[in-house]
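Colleague:
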Amino acid sequence: DAGVTQSPTHLIKTRGQQVTLRCSPKSGHDTVSWYQQALGQGPQFIFQYYEEEERQRGNFPDRFSGHQFPNYSSELNVNALLLGDSALYLCASSLETDIQYFGAGTRLSVL
Amino acid sequence: AQSVTQPDIHITVSEGASLELRCNYSYGATPYLFWYVQSPGQGLQLLLKYFSGDTLVQGIKGFEAEFKRSQSSFNLRKPSVHWSDAAEYFCAVGTSGTYKYIFGTGTRLKVLA
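Residue numbers (this note's numbering), protein chains in the order written: chain A, 1 to 111; chain B, 1 to 113.
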């Protein structure tokens, strides 16, 4: 049984560009949450998707957007990248509001 | 507002020694509490969770944690540390009906041979 998978593993972008990160949830899970983990910090909640809708959002600007597909997989999009967006982006899946299981993350570097 | 404090940024212990990592939370009602471990370049692995019931919970890899409501604490313990336990440990809080976890800033554990 595959766990939470994220792609790509690493990504390098320049300021002003746009990026899309992808997440496939653990089998049987219907909810996907996204977190940003800056270097030396704990993960911070970006938003959560359930039934293809954004259910809750953390304190992140509108440059951060997402999508959930009918197969429960999800994308995180970040527009107009800033240097401060460099971080590890973690996807977590769960069955509704049950325990969240995390993927290995996507390391985004913005130059 | 919910918050999680992990007072110790770094902890160094010798292999075989006991370990206690501290976690304090702020929340008005009974929270859901978690400990996750993160190895370098990896995602987060769930060690254990507390939802309700017995305040001493057992997790994987020989870890346990105790929920103390009076102290708003959920400290992680292990009686004998192994070199492979070297990693970063995160305490997190969630609440019934909420959709996000609030994480502490983490404690980096170093294990001396």
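Beta carbons: idealized from backbone N, C-alpha and C, even for Gly.
#1: If we define contact as Cβ-Cβ less than 7 Å, is Ala104(A) a contact residue for chain C?
#2: DSSP state of Leu83(A), grouped into three classes?
#3: Relative to the C-alpha of Asp62(A), which residue among Gln18(A), Glu51(A), Ser93(A) is closest?
#4: Rounding to the nearest angstrom, what Cα-Cα distance links Ser73(B) and Gly42(A) in this structure?
#5: For Thr31(A), count neighbouring Cβ atoms within 10 angstroms of its own Cβ and tell me buried if that reaches 16, exposed if not.
#6: Taking the beta carbon of Phe69(A) as the centre, do at least 16 other beta carbons fall within 10 Å, making it buried, or is it exposed?
#7: For the putative contact between Tyr36(B) and Leu21(B), defined by C-beta atoms under 8 Å, what is the C-beta separation to the nearest angstrom?
#8: Taking Ser73(A) and Pro25(A) to be in contact with their CB atoms under 8 Å, please state how far apart those CB atoms are, rounded to whole angstroms.
#9: With 7 Å set as the bound, which would you pick, yes or no: does the beta-carbon of Leu83(A) sit closer than that to a beta-carbon of chain B?
#10: Am I right that Gln6(B) and Thr95(B) are in contact with their C-beta atoms under 8 Å? What's the rounded C-beta distance?
#11: Which runs of the beta strand (DSSP E), 3 residues or longer, sit entirely within the segment 2-74 of chain A?
#12: Compare the C-beta of Pro43(A) against all C-beta atoms of chain B and say whether one is closer than 7 Å.
#13: Consult DSSP for Gln58(B) and reduce its assignment to one of helix, strand or coil.
#14: What residues of chain A sit near Leu46(B), judged by a beta carbon separation below 9 Å?
#15: Report back the beta-carbon spacing between Trp34(A) and Leu88(A) to the nearest angstrom; my notes put them in contact at under 8 Å.
Modeller: Quick look at the numbers:
#1: Annotation note: the requested chain C is absent from the structure, which comprises protein chains A and B.
#2: The residue you call residue 83(A) lines up with position 83 of the first sequence. Three-state DSSP puts Leu83(A) in a helix.
#3: One-based indexing of the first sequence puts residue 62(A) at position 62. Taking only the C-alpha atoms, the option nearest Asp62(A) is Gln18(A).
#4: Residue mapping note: residue 73(B) aligns to position 73 of the second sequence, counting from 1. Residue mapping note: residue 42(A) aligns to position 42 of the first sequence, counting from 1. The straight-line gap from Cα to Cα measures roughly 18 Å.
#5: As a working mapping, residue 31(A) is identified with position 31 in the first sequence. By the neighbour-count rule (16 or more Cβ atoms within 10 Å), Thr31(A) is buried.
#6: The residue you call residue 69(A) lines up with position 69 of the first sequence. Under this definition Phe69(A) is an exposed residue.
#7: Numbered from its first residue, the second sequence carries residue 36(B) at position 36. Numbered from its first residue, the second sequence carries residue 21(B) at position 21. Between Leu21(B) and Tyr36(B) the Cβ distance is about 12 Å, and since that is not below 8 Å, they are no contact.
#8: The count along the first sequence starts at 1 and reaches residue 73(A) at position 73. The count along the first sequence starts at 1 and reaches residue 25(A) at position 25. Rounded, the Cβ-Cβ distance is 7 Å, consistent with contact.
#9: Here residue 83(A) refers to the residue found at position 83 when the first sequence is read from its first residue. Residue-level contact by beta carbon fails for Leu83(A) and chain B, as no gap is shorter than 7 Å.
#10: In the second sequence, counting from the first residue as 1, residue 6(B) sits at position 6. In the second sequence, counting from the first residue as 1, residue 95(B) sits at position 95. Not confirmed; about 19 Å, so no contact.
#11: Segments of the beta strand (DSSP E) lying fully in the segment 2-74 of chain A: 5-7, 10-13, 19-24, 31-37, 44-50, 53-57, 64-68.
#12: Residue mapping note: residue 43(A) aligns to position 43 of the first sequence, counting from 1. Closer than 7 Å: yes.
#13: If you number the second sequence from 1, residue 58(B) lands on position 58. Residue state, collapsed to three classes: strand.
#14: Mapped onto the second sequence, residue 46(B) falls at position 46. Using a Cβ-Cβ cut-off of 9 Å, Leu46(B) is close to Ile99, Gln100, Tyr101, Phe102 of chain A, given in chain order.
#15: Here residue 34(A) corresponds to residue number 34 of the first sequence, with the count starting at 1. Here residue 88(A) corresponds to residue number 88 of the first sequence, with the count starting at 1. Incorrect: roughly 11 Å between the Cβ atoms, too far for contact.
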